[in-house]
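So the protein lines, in turn, are chains A and B.
So for the first sequence, our numbering puts the first residue at 19; every next one is plus one.
So for the second sequence, our numbering puts the first residue at 1206; every next one is plus one.
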Amino acid sequence: MATTEEKRESIYGKLNKLKAYREIENLMGRCMFAFNYHQKDAVLAYLAMEEPDVSVELADEGLYVGPEAVREYADFKIPAEIQAGELTDVHISSPILEIAGDCKTAKGLWLCPGEGAMLRENDDPQAIWMWGTLAVDFKLVGEEWKIWHLHYFRLMKCDYQQGWVKDTSLENKLNASMPRSAQPTTYHNPYTPFTIRDCIPGIPHPYDTFENSDKEWMLHNNKAF
Amino acid sequence: MDYLREEIAAIPEEELDSFELELDRLLGAYDCLNMIGIGTWYHDDQHPGELQKNYDAAKPGEERPAFIRTPDKVVIDSLEGNTLMQPRHTPVIQVSEDGTKARALTIGFGYEALAKFRETPMAIYSVGIVPGEFVKEDGEWRTVSGGWQRVIKADMEKSWIYDMQHTNTRPPLTPEEDANFLGRYAYKKDRARKPLPAPPEPDTFKKYPDLGDDSWKYKYAPEEKK
Chain A
19 MATTEEKRES IYGKLNKLKA YREIENLMGR CMFAFNYHQK DAVLAYLAME EPDVSVELAD
79 EGLYVGPEAV REYADFKIPA EIQAGELTDV HISSPILEIA GDCKTAKGLW LCPGEGAMLR
139 ENDDPQAIWM WGTLAVDFKL VGEEWKIWHL HYFRLMKCDY QQGWVKDTSL ENKLNASMPR
199 SAQPTTYHNP YTPFTIRDCI PGIPHPYDTF ENSDKEWMLH NNKAF
Chain B
1206 MDYLREEIAA IPEEELDSFE LELDRLLGAY DCLNMIGIGT WYHDDQHPGE LQKNYDAAKP
1266 GEERPAFIRT PDKVVIDSLE GNTLMQPRHT PVIQVSEDGT KARALTIGFG YEALAKFRET
1326 PMAIYSVGIV PGEFVKEDGE WRTVSGGWQR VIKADMEKSW IYDMQHTNTR PPLTPEEDAN
1386 FLGRYAYKKD RARKPLPAPP EPDTFKKYPD LGDDSWKYKY APEEKK
């Protein structure tokens, strides 16, 4: 039988957790809008740039670890202006969100439908699908939740007319130079009609405190609940 | 968050239990969302039985409750190029007043690639309505039943006006069999849509207290319940 003080402490913990769920969902939603609207400074403000190991990895464009690397990648990835006819619109859905027992970190996974329009020379923009999965670690910095480690796993990126089976030409980045701070991509295995897909990223499981070993959860294909 | 401690300290002792129960119900909705997300992710991984195994693992040696349904007819072949990605949105989640049961309805909107014999897969747009029931046992939420009611499943190049793919089974379903299975309420250009399934209402567990009683889905068309 819990004492009155234990009950109050339990309520405090549950309220904290409930608040964290809502704040993290809003954080992710705001970050996605900022990314889609090409608001680079806003995107960076949602990241835990105070943390030396803040990291971002998108598809096969390399891993960027640390505030300077992340800023360099943002300069490269997010243009200052949206050009006429260009569209990037990535959504988040199907959340799996685990708040740590100590309520200081969280892990999340979202399925991300997306549509876009890519500019072409001497032609109308190309309508495309771009779908992926976002696996994210969050950290409570002061009283604010921030994105700590973010990894976008591409599911498919294709011409709208041809579809994902016939067109896999857009799934890998162009063979162009990347920012100097890029580290090798850790995982990139989008849809092809010739392979069986791995169930990566894995799903986040309930946990109490973020340990060093937790850093690899996204790359695990662990079906155990 | 220290202001919260002050607020909590002001809650009369006799109201603490009901306050905590309300919190558990709100947190339970997030747990159910997680279960919905997990189900979606495993479905694409071609292992829909994992959810049932999850229940079995938690209750070793106990007989699986009858209300857990196994998708025994559906074939999701582990073939090169097959995929099924149906992100879930528009969630309606209703947790029971005692915080031990929940019902949900979501829409799954996505794409598929379907091969049956290692041929080049067909690219498919698919949308379905997904009911679910959940139970909290030993402090943990679990999925106890799911489902899938097709709205569309169409060859990408033809659209849902002109194409409706059947659920993949072996042997293949006849049109009549499909119309009595997951395609029962699928879109057809020559018929009006039925309002099925209904989302769970706030009083769903007062009217239909038992998990496994799917009458709640037929609220707007009870004559359709078999």
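Beta carbons are placed, not taken as given, at the ideal position from N, Cα and C, and that holds for glycine.
As assigned by DSSP and simplified to three states, the class of residue i
i, result
"isoleucine 1241 (chain B)", "helix"
"serine 111 (chain A)", "strand"
"isoleucine 221 (chain A)", "coil"
"methionine 136 (chain A)", "strand"
"tyrosine 1208 (chain B)", "helix"
"arginine 1308 (chain B)", "strand"
"alanine 1403 (chain B)", "coil"
"tyrosine 1413 (chain B)", "coil"
"leucine 76 (chain A)", "strand"
"serine 1350 (chain B)", "strand"
"phenylalanine 1272 (chain B)", "At phenylalanine 1272 (chain B) the pLDDT is 48, less than 50, meaning the model places this residue with poor confidence; the figure from the coordinates comes in the next sentence. Coil."
"tyrosine 1423 (chain B)", "helix"
"methionine 196 (chain A)", "coil"
"asparagine 34 (chain A)", "helix"
"threonine 1295 (chain B)", "strand"
"isoleucine 1213 (chain B)", "helix"
"isoleucine 100 (chain A)", "coil"
"alanine 1318 (chain B)", "strand"
"glutamate 1225 (chain B)", "helix"
"glutamate 1342 (chain B)", "strand"
"leucine 45 (chain A)", "helix"
"glutamate 116 (chain A)", "strand"
Span separating the alpha-carbon of residue i from that of residue j
i, j, result
"glycine 1242 (chain B)", "alanine 1309 (chain B)", "12 angstroms"
"proline 1405 (chain B)", "glycine 1337 (chain B)", "10 angstroms"
"cysteine 5 (chain A)", "alanine 1214 (chain B)", "Outside the shown range of chain A (19 to 243) lies residue 5 (chain A), about which nothing can therefore be said."
"isoleucine 221 (chain A)", "arginine 1375 (chain B)", "31 angstroms"
"arginine 1274 (chain B)", "glycine 1351 (chain B)", "Bear in mind that a pLDDT of 49 at arginine 1274 (chain B), under 50, signals an unreliable position, so the number given afterwards is only what the model happens to contain. Approximately 7 angstroms, taken between the alpha carbons."
"lysine 1411 (chain B)", "cysteine 1237 (chain B)", "20 angstroms"
"isoleucine 117 (chain A)", "proline 224 (chain A)", "7 angstroms"
"leucine 158 (chain A)", "cysteine 121 (chain A)", "8 angstroms"
"lysine 1431 (chain B)", "glycine 103 (chain A)", "51 angstroms"
"alanine 1359 (chain B)", "aspartate 1368 (chain B)", "5 angstroms"
"aspartate 226 (chain A)", "proline 113 (chain A)", "19 angstroms"
"glutamine 1291 (chain B)", "serine 1331 (chain B)", "8 angstroms"
"leucine 188 (chain A)", "glutamate 1212 (chain B)", "54 angstroms"
"phenylalanine 94 (chain A)", "phenylalanine 171 (chain A)", "19 angstroms"
"isoleucine 42 (chain A)", "tryptophan 163 (chain A)", "7 angstroms"
"threonine 1372 (chain B)", "phenylalanine 1386 (chain B)", "8 angstroms"
"alanine 1307 (chain B)", "arginine 215 (chain A)", "32 angstroms"
"tryptophan 1421 (chain B)", "proline 1427 (chain B)", "9 angstroms"
"threonine 213 (chain A)", "lysine 233 (chain A)", "27 angstroms"
"glutamine 101 (chain A)", "methionine 50 (chain A)", "19 angstroms"
"asparagine 54 (chain A)", "glutamate 1362 (chain B)", "28 angstroms"
"lysine 175 (chain A)", "tryptophan 235 (chain A)", "25 angstroms"
"alanine 242 (chain A)", "aspartate 1419 (chain B)", "Confidence is the limiting factor: at alanine 242 (chain A) the pLDDT is only 43, short of 50, which leaves the residue's position unreliable, though a coordinate-based value still follows. So the two alpha carbons sit approximately 29 angstroms from each other."
"arginine 26 (chain A)", "aspartate 1408 (chain B)", "29 angstroms"
Beta-carbon proximity check, residue i vs residue j, cutoff 9 angstroms
i, j, result
"proline 219 (chain A)", "threonine 151 (chain A)", "yes"
"histidine 206 (chain A)", "asparagine 190 (chain A)", "yes"
"asparagine 1239 (chain B)", "tryptophan 1353 (chain B)", "no"
"isoleucine 1334 (chain B)", "proline 1402 (chain B)", "yes"
"leucine 1228 (chain B)", "leucine 76 (chain A)", "no"
"tyrosine 1208 (chain B)", "leucine 36 (chain A)", "no"
"tryptophan 128 (chain A)", "valine 88 (chain A)", "no"
"glycine 1344 (chain B)", "valine 1300 (chain B)", "no"
"aspartate 107 (chain A)", "glutamate 133 (chain A)", "yes"
"glycine 84 (chain A)", "serine 199 (chain A)", "yes"
"alanine 1391 (chain B)", "arginine 1355 (chain B)", "yes"
"glycine 1315 (chain B)", "proline 131 (chain A)", "yes"
"serine 231 (chain A)", "histidine 169 (chain A)", "no"
Those residues which DSSP pairs with residue i across a bridge
i, result
"isoleucine 165 (chain A)", "A:Leu65, A:Phe156"
"alanine 145 (chain A)", "A:Ala135"
"tryptophan 1365 (chain B)", "In the DSSP output, where bridge partners are listed per residue, tryptophan 1365 (chain B) has none listed."
"methionine 174 (chain A)", "A:Trp149"
"aspartate 1360 (chain B)", "B:Ile1329"
"valine 88 (chain A)", "For valine 88 (chain A), which the question treats as bridged, DSSP gives no partner whatsoever."
Rounded distance between the beta-carbons of residue j and residue i, thought under 8 angstroms
i, j, result
"leucine 105 (chain A)", "alanine 135 (chain A)", "4 angstroms"
"proline 211 (chain A)", "glycine 1286 (chain B)", "4 angstroms"
"glutamate 1324 (chain B)", "threonine 1288 (chain B)", "In fact, because the Cβ distance is near 15 angstroms, the residues do not count as touching under 8 angstroms."
"glutamine 1370 (chain B)", "isoleucine 1312 (chain B)", "Not quite, the Cβ-Cβ distance comes to about 18 angstroms (not below 8 angstroms), so this is no contact."
"serine 111 (chain A)", "histidine 1248 (chain B)", "Contact flag wrong, Cβ pair sits at about 14 angstroms."
"proline 202 (chain A)", "leucine 81 (chain A)", "7 angstroms"
"threonine 22 (chain A)", "glutamate 1218 (chain B)", "6 angstroms"
"isoleucine 165 (chain A)", "leucine 45 (chain A)", "7 angstroms"
"threonine 1379 (chain B)", "lysine 1341 (chain B)", "Not confirmed; about 41 angstroms, so no contact."
"histidine 56 (chain A)", "isoleucine 96 (chain A)", "5 angstroms"
Residue-level contact to chain E via CB, residue i, 9 angstroms cutoff
i, result
"tryptophan 163 (chain A)", "Looking at the structure shown, chain E is missing, and the protein chains on hand are A and B."
beta-carbon residue i near the ligand ATP non-hydrogen atom, thresh 8 angstroms
i, result
"glutamine 1299 (chain B)", "The ligand ATP is not among the ligands present in this structure, which contains no ligands whatsoever."
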